[in-house]
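>
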Ligand SMILES: Cc1cc2nc3c(=O)[nH]c(=O)nc-3n(C[C@H](O)[C@H](O)[C@H](O)COP(=O)(O)OP(=O)(O)OC[C@H]3O[C@@H](n4cnc5c(N)ncnc54)[C@H](O)[C@@H]3O)c2cc1C
Ligand SMILES: Cc1cc2nc3c(=O)[nH]c(=O)nc-3n(C[C@H](O)[C@H](O)[C@H](O)COP(=O)(O)O)c2cc1C
Ligand code: FES
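Residue numbers (this note's numbering), protein chains in the order written: chain A, -17 to 226; chain B, 2 to 305.
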């Protein structure tokens, strides 16, 4: 973990309520895809946890949905403003177990962490397939960015307005062979993926956090490997340890 | 050079800044963030006889200038704390360790305090009496003077180290509880624990915290803690560890002027992991600004 003052460079709308922000500064705290950062915002007591979508050199990309006071404030920020951010939090995804053909499944604002993960897997010479799940066509973001990485991308929408009609698990039926699964999204989606996949995998969870770095026990969950803190021992859990 | 050292029942702290129980884990993980040997002392996570998972999540709700927590005393149990956690802290940390003990019956307090008293690495025992008493309809030990006195007396019988009793602010008369602890033989008083609070999620139309009601703390409770430190200082002769909403070197000095010998920092560590380090670094500057040469001299000064 590192505390950094990062400078907002861009902050743009991707859909009705989803924004993409890029920030520059010291990124040396970030070690792995699937880690998150914790952002302090003026006038709010607790920091806001947001996943690393991408990190290259001294530039961080995050994608966030406006759901409340903090993300609303974030959406109003302009280039040049400075944010106090703890970077490199959580365990993140481990790529060594992925095999040759990993499958990446992101739902809604669970899509962003899949991006850097996808890049890392490609760098390691692997051939990922990506499933992106949304409610409706208007909510889709980052389909083209994933396609630009040269990977096979399947999009599902619950209302069928774009791509495969249904849930990410409906898209899963159209995927051929895969060796491992990485996923992030709302808990009902994670559970459906857990029940649908034939391989092992890594699942990223959310919990309300006090600190985000392991000090308060605010985010604990029970696993088959003992009690874990989502913020420090997670947010990524392996399939074999998850207790629903 | 200003003098920041203080003494708690013969235990010397090089400065009065102590991370509060439950907001600093067992300490050692913070050593990756800064050198924890700058701290006056550390109050480690509240420990019970048996390991506890604690309450269901969500356990955290944000508030204006504070948060509500409902951790439910998650801890690995007294034996694991003695065998594993305290030695791990000692590997990286040389200053005083305050062991924070909780229980759900007098017997549990006694058993834990007896065990922790035998640990050389522990300097002070802090007994959290905000916990519900399972033998008394779940009413907190800290809400009735006779129960507070009974716990104090019982743990004092089995201990040789200084015992601080940590009080809950959720009472009608904090002074009568503090006096009862003094009567029971306490060596010091820690106050305050969290103040009960509730938040509702407007989308779900339900309390945010799974257990509904939790404990409110953070900057917002500073004046409440100040008032209680003030009152207890006037009523008892024991040293006080002041706790509640402390977030700056100015706050530390203000709380000491109200009567605290040392000051604990809780929720602020969660927002700013460097909080205690920052406060300690800033203390000499603030002391000079207010022409304070020796912190010991300002303890309770506002009462004179
Ligand atoms: C590890 C992790 C990674 C995340 N990554 C992303 C991401 O990449 N993009 C994204 O859009 N969202 C992400 N989230 C969810 C994001 O943290 C919340 O949407 C955000 O905190 C809401 O803040 P707010 O002030 O707008 O909402 P409010 O409802 O006003 O927030 C009130 C409090 O509740 C907390 N809270 C509210 N919703 C959540 C939630 N779903 N999870 C955890 N805490 C919550 C807030 O942090 C704050 O403390 C992530 C959450 C976690 C735990
Ligand atoms: C997340 C959290 C966990 C806590 N756990 C304990 C505990 O185990 N034992 C205890 O005596 N107090 C516990 N407390 C209370 C604090 O030690 C402190 O008394 C209180 O939070 C007021 O200080 P603050 O306003 O600086 O947070 C906890 C507080 C928080 C926020
Ligand atoms: S949020 Fe504090 S331990 Fe996870």
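Cβ atoms here follow ideal geometry from the backbone N, Cα and C, with glycine treated the same way.
Is residue 247(B) near ligand 2, in the sense that its beta carbon is under 7 angstroms from a heavy atom of that ligand?
Yes, since a heavy atom of ligand 2 falls inside the 7 angstroms radius drawn around the Cβ of residue 247(B).
> In terms of alpha-carbon separation, which member of 229(B), 144(B), 271(B), 282(B) lies closest to residue 27(A)?
Nearest of 229(B), 144(B), 271(B), 282(B) to residue 27(A), Cα basis: 271(B).
> What separation, rounded to the nearest whole angstrom, lies between the Cα atoms of residue 106(B) and residue 45(B)?
Near 21 angstroms, if we compare the C-alpha coordinates of residue 45(B) and residue 106(B).
> For ligand 5, list every residue whose C-beta falls under 5 angstroms from any of its heavy atoms, going in chain order.
You won't find ligand 5 in this model; what it holds is ligand 1, ligand 2 and ligand 3.
> Alpha carbon to alpha carbon, how far is residue 113(A) from residue 89(A)? Give it in angstroms, no decimals.
Their backbone Cα atoms lie some 8 angstroms apart in a straight line.
> For residue 199(A), return the contacting residues in chain B, with the cut-off set at a CB-CB distance below 7 angstroms.
Ordered by position in chain B, the residues that pass the 7 angstroms Cβ test against residue 199(A) are 55, 72, 75.
> Check whether the stretch 16 to 25 of chain B touches the stretch 169 to 184 of chain B, taking contact to mean three or more Cβ pairs, one atom from each stretch, closer than 8 angstroms.
Too few Cβ pairs lie closer than 8 angstroms, so no.
> According to DSSP, is residue 113(B) helix, strand or coil?
The answer is helix: DSSP assigns residue 113(B) an H, G or I state.
> Residue 227(B) by DSSP, collapsed to three states: which one?
Three-state result, residue 227(B): helix.
> Compare the beta carbon distance of residue 306(B) and residue 3(B) with 8 angstroms and say whether it is the shorter of the two.
Nothing in the structure corresponds to residue 306(B), since chain B is present only between 2 and 305.
> Nearest to residue 20(B) by CA position, among 266(B), 275(B), 152(B), 109(B), is which residue?
Checking every option, the nearest Cα to that of residue 20(B) belongs to 266(B).
> Taking the beta carbon of residue 177(A) as the centre, do at least 16 other beta carbons fall within 10 Å, making it buried, or is it exposed?
Its Cβ having fewer than 16 others within 10 Å, residue 177(A) is exposed.
> Does any residue of chain B bring its CB to less than 8 angstroms from the CB of residue 13(A)?
No, because no Cβ of chain B sits closer than 8 angstroms to the Cβ of residue 13(A).
> State yes or no: is the beta carbon of residue 49(B) nearer than 8 angstroms to at least one beta carbon in chain A?
No, residue 49(B) does not count as interfacial toward chain A.
> Looking only at DSSP bridge pairs, what is residue 3(A) linked to?
-7(A), 44(A).
> Chain A partners of residue 270(B), CB-CB under 9 angstroms?
Under the 9 angstroms cutoff, chain A gives 193, 197, 198.
> For residue 73(A), which residues in the same chain have their Cβ closer than 8 angstroms to its Cβ, ignoring the five residues on either side in sequence?
Cβ within range, chain order: 14, 16, 17, 214, 215, 216, 217, 218.
> Quick check on the burial criterion: 16 or more other C-beta atoms within 10 angstroms. Buried or exposed for residue 61(A)?
Classification for residue 61(A): exposed.
> Going by alpha carbons, who is nearest to residue 170(A) out of 185(A), 163(A), 181(A)?
When each option's Cα is compared against that of residue 170(A), the closest is 185(A).
> On the three-state DSSP scale, how would you describe residue 48(B)?
Residue 48(B) falls in the strand class under three-state DSSP.
> With a threshold of 8 angstroms between beta carbons, is residue 206(A) in contact with chain B?
No, residue 206(A) does not count as interfacial toward chain B.
> Classify residue 99(A) as buried or exposed, calling it buried when 16 or more other Cβ atoms lie within 10 Å of its own Cβ.
The residue is buried, with at least 16 neighbouring Cβ atoms inside 10 Å.
> If you count every other CB in all the chains shown that lies within 10 Å of the CB of residue 118(A), and 16 or more means buried, which is it?
Result: exposed.
> Mind pulling the alpha helix (DSSP H) runs of 4 or more residues that sit fully within the stretch 128 to 209 of chain A?
DSSP runs (the alpha helix (DSSP H)) wholly in the stretch 128 to 209 of chain A: 150 to 154, 169 to 178.
> Can you have a look at residue 70(B) and say buried or exposed, based on whether 16 or more other CB atoms are within 10 angstroms of its CB?
Label assigned to residue 70(B): buried.
> Leaving out five residues on either side along the sequence, give the residues of the same chain with a beta carbon under 7 angstroms from the beta carbon of residue 7(B).
14, 17, 262, 263, 296, 297, listed in sequence order.
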